[in-house]
Amino acid sequence: MAASGLNASTYDREGRSHIAALADYAMHLMEQMKYINEHSFNNFQMKIGLNMGPVVAGVIGARKPQYDIWGNTVNVSSRMDSTGLPDRIQVRGGRGHLLGYS
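The working numbering puts the first residue of the sequence shown at 10, with every later residue one more than the last.
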């Protein structure tokens with residue numbers, strides 16, 4: 010799970026650069042997986058779901074604190090990941106225009 014734009018210093022409300030950065034990261038991961046497969050004789054596959062919306066973020070746990078995010082946006086992204094096609098990046102309907110796609 011990866012997230013961007015979680016705080017005011019990284020969230021670009023007008024330009025949506027945090028979304029573009031996350032999409033670039035997803036494409037880079039796919040390229041790296043292809044490289045690994047070509048050079049290690051493996052056939053690893055990856056599915057990625059990109060979604061946008063509000064989340065709740067924070068640290069949870071007393072003995073082993075972990076930073077985590079929750080909310081419907083996270084749940085939808087998780088479902089997109091589990092139902093997506095291997096080696097593809099799925100973008101939630103109506104969000105592609107934010108990345109320059111119609």
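Cβ atoms here follow ideal geometry from the backbone N, Cα and C, with glycine treated the same way.
Because the structure is a prediction, the values reported are computed rather than measured.
Based on the DSSP secondary-structure assignment, which residues constitute the bridge partners of residue i?
{"i": "Q54", "result": "None, per the DSSP bridge assignment."}
{"i": "R101", "result": "R101 is not bridged to any residue."}
How should residue i be labelled, buried or exposed, when 16 other C-beta atoms within 10 angstroms of its C-beta is the threshold for buried?
{"i": "M36", "result": "exposed"}
{"i": "A32", "result": "buried"}
{"i": "D57", "result": "Before going on, a small fix: residue 57 reads as Ile here, not Asp. I57 comes out buried."}
{"i": "N51", "result": "exposed"}
{"i": "I28", "result": "buried"}
Where residue i and residue j are concerned, what is the direct C-alpha to C-alpha distance, given to the nearest angstrom?
{"i": "A11", "j": "G80", "result": "14 Å"}
{"i": "M39", "j": "S91", "result": "16 Å"}
{"i": "R101", "j": "V68", "result": "27 Å"}
{"i": "N84", "j": "G62", "result": "11 Å"}
Indicate the three-state DSSP secondary structure (helix, strand or coil) for residue i in the structure shown.
{"i": "L15", "result": "coil"}
{"i": "L59", "result": "strand"}
{"i": "M42", "result": "helix"}
{"i": "L94", "result": "coil"}
{"i": "T10", "result": "According to the sequence shown, residue 10 is Met rather than Thr. If DSSP states are grouped into helix, strand and coil, M10 belongs with coil."}
Taking only runs that begin and end inside the segment 63-89, name each unbroken beta strand (DSSP E) of 3 or more residues, in chain order. 65-69, 75-79
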